[in-house]
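Okay, so here's the structure we're looking at.
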Amino acid sequence: MTDLPLPAGVGRRLDPSRPIPPAEQPALINALMAAVRERTDLVPEVGIVLGSGLGGLADDLQDAVAIPFADLPGWPAATAPGHVGRLLLGVLGGRRVGLLQGRFHLYEGNAPGLVVQPVLLFHALGAETVVLTNAAGGVDPSFAPGTLMIIADHLNLTGRTPLLGPNADALGPRFVDLTEVWDAALRQRLRAAGEREGIRLAEGVYAGLLGPSYETPAEVRMLRTLGADAVGMSTVLEAIAARWVGLRVCGVSLITNAGAGYTGQPLTHEEVLEAGAAAGPRLARVLRRFISELG
Ligand code: HPA
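Written out as structure tokens, the structure reads:
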């Protein structure tokens, strides 16, 4: 696979903050594809991104090939606590899946174009659907820690987009329609999976912010006024890029804490990870059922 025309810098350590315009993605994704295909020819039907503390689903994966992020050209090792940083390909609930254990965040200094490469790679490997999961704060005051929320829509409040710069028309259109990012039919299947497992799923709007600080109480009130039900530091750019290339998108937020100011107590990353670990197995059950019953 060394005869592929690689863009300058591929294979060497790249600066993860270097902007990646859409026009550069095809060559970079080809290089990633080649690195994956040296290890497995599995074609995933679904790509799943596992958020903070949600890596447990990976334990159920059969015949898994695991590739550390740092072994993939241009990918830095995951740095966020609670993120392992591996791409796994294998079989889950009888379906071929790609699992991203950990992800790239903007707050780590990663360029938007890098943040979305896992989703573009899933697409290039053959997936038609992506499932995005995350840990999030509850903006709807009725969301207790442990609530699972199907993402019905999002607010991109990061001030960033992965689509800035010259487009790659072969991958997707210049102006992407975001009328239904979060696929209504897949949301219905998630609801059905929850019912079959006896697990209640809420549904709401996810606001994606840059982080890495948590919000102020005034910001949480603002987010509520803007129509958000949950808030986090990921997911929205991945969803935009997925729609750009025509992937079907769904997702679930695990509410790990009440939004800042609701309880009067400070927020800590430890409580986010603890709530993720406590409720993670419930989300894993829903996703396993969802995947196995995907048509
Ligand atoms: N805010 C932003 N991101 C988060 C939170 C929060 O309260 N909880 C988990 N991720």
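In the working numbering, the protein residues as written are 1309 to 1603. Every residue, glycine too, gets a C-beta built ideally from N, C-alpha and C.
Nearest-angstrom Cα separation, counted from residue j out to residue i
{"i": "Y1570", "j": "L1336", "result": "44 Å"}
{"i": "G1603", "j": "I1458", "result": "19 Å"}
{"i": "D1368", "j": "G1434", "result": "21 Å"}
{"i": "G1332", "j": "P1324", "result": "Before going further, note that residue 1332 is Glu rather than Gly in the sequence given. When rounded, the distance between both Cα atoms is 14 Å."}
{"i": "Q1409", "j": "G1572", "result": "33 Å"}
{"i": "A1586", "j": "G1454", "result": "8 Å"}
{"i": "R1326", "j": "P1525", "result": "33 Å"}
{"i": "H1431", "j": "T1576", "result": "35 Å"}
{"i": "R1347", "j": "L1429", "result": "15 Å"}
{"i": "G1584", "j": "A1366", "result": "15 Å"}
{"i": "D1485", "j": "R1499", "result": "25 Å"}
{"i": "G1398", "j": "A1372", "result": "4 Å"}
{"i": "V1539", "j": "R1403", "result": "31 Å"}
Residue i Cβ short of 8 Å to the ligand HPA heavy atom set
{"i": "A1559", "result": "The displayed chain sequence assigns Gly, not Ala, to residue 1559. Incorrect: G1559 has no Cβ contact closer than 8 Å to the ligand HPA."}
{"i": "G1540", "result": "yes"}
{"i": "S1360", "result": "yes"}
{"i": "Y1522", "result": "yes"}
{"i": "V1580", "result": "yes"}
Span of the beta strand (DSSP E) around residue i
{"i": "N1565", "result": "1556 to 1566"}
{"i": "E1511", "result": "1510 to 1516"}
{"i": "M1457", "result": "1456 to 1464"}
{"i": "T1437", "result": "1437 to 1446"}
{"i": "Q1409", "result": "1403 to 1409"}
{"i": "A1538", "result": "1538 to 1540"}
{"i": "G1355", "result": "1354 to 1358"}
{"i": "R1299", "result": "Nothing can be reported for residue 1299, as the shown portion of the chain is limited to 1309 through 1603."}
Residue i, enclosing alpha helix (DSSP H) - first and last residue
{"i": "R1326", "result": "Premise fails: R1326 is in no alpha helix (DSSP H) and is neither H nor E."}
{"i": "N1605", "result": "Because residue 1605 is not part of the residues shown, which for the chain are 1309 to 1603, the question remains open."}
{"i": "I1507", "result": "Premise fails: I1507 is in no alpha helix (DSSP H) and is neither H nor E."}
{"i": "V1580", "result": "1577 to 1600"}
{"i": "A1547", "result": "1544 to 1552"}
{"i": "V1606", "result": "Residue 1606 is absent from the model: the chain starts at 1309 and stops at 1603."}
{"i": "G1421", "result": "1420 to 1423"}
{"i": "A1526", "result": "1525 to 1534"}
Distance CB(residue i)-CB(residue j) smaller than 9 Å
{"i": "G1588", "j": "L1407", "result": "no"}
{"i": "T1487", "j": "Y1514", "result": "no"}
{"i": "V1354", "j": "G1502", "result": "no"}
{"i": "L1456", "j": "R1508", "result": "yes"}
{"i": "R1394", "j": "F1377", "result": "yes"}
Beta-carbon separation (whole angstroms), residue i vs residue j, contact threshold 8 Å
{"i": "P1420", "j": "T1469", "result": "6 Å"}
{"i": "E1436", "j": "L1555", "result": "7 Å"}
{"i": "A1460", "j": "G1512", "result": "6 Å"}
Neighbour flag for residue i against chain C, beta carbons, 9 Å
{"i": "A1547", "result": "This model lacks chain C altogether, as it is built from one protein chain only."}
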